[in-house]
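Accompanying notes for the structure given below.
In the numbering used here, the protein residues as written are 5 to 106.
What follows is the structure, encoded as structure tokens:
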């Protein structure tokens, strides 16, 4: 079995000309989220993933993501957004405190 929960011993089954069924074990499916992207979005994400993998983070000297994989780019974006929203929440709290004290 592959790390992603997909079984190696069951081939991908073509159902119709434009449909493909990929068998996964149930425990592999629970960790998946599916999103349909346009061709242009895929190109942009691939380019961004490549950049994150090949560009050194000035703070660490290592690439922003350790492997050139889509999951690494997604994890980076979630982490970056989470941190940025932390700053937004701090600014909002300071603004509320300033309103209450004035």
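Glycine is no exception: its CB is placed at the ideal position from the N, C-alpha and C atoms. Given the structure is predicted, the values throughout are model-derived calculations rather than measurements.
Exercise. Using beta-carbon positions only, say whether residue 53 and residue 89 come within less than 7 Å of one another.
Key: no
Exercise. Taking all protein chains shown into account, decide if residue 69 is buried (16 or more other Cβ within 10 angstroms of its Cβ) or exposed.
Key: buried
Quiz item: Taking the continuous beta strand (DSSP E) assigned at residue 24, which residues delimit it?
Solution: 23 to 25
Quiz item: Would DSSP call residue 60 helix, strand or coil?
Solution: strand
Self-check item: Under the three-state DSSP convention, the category residue 28 falls into
Solution: strand
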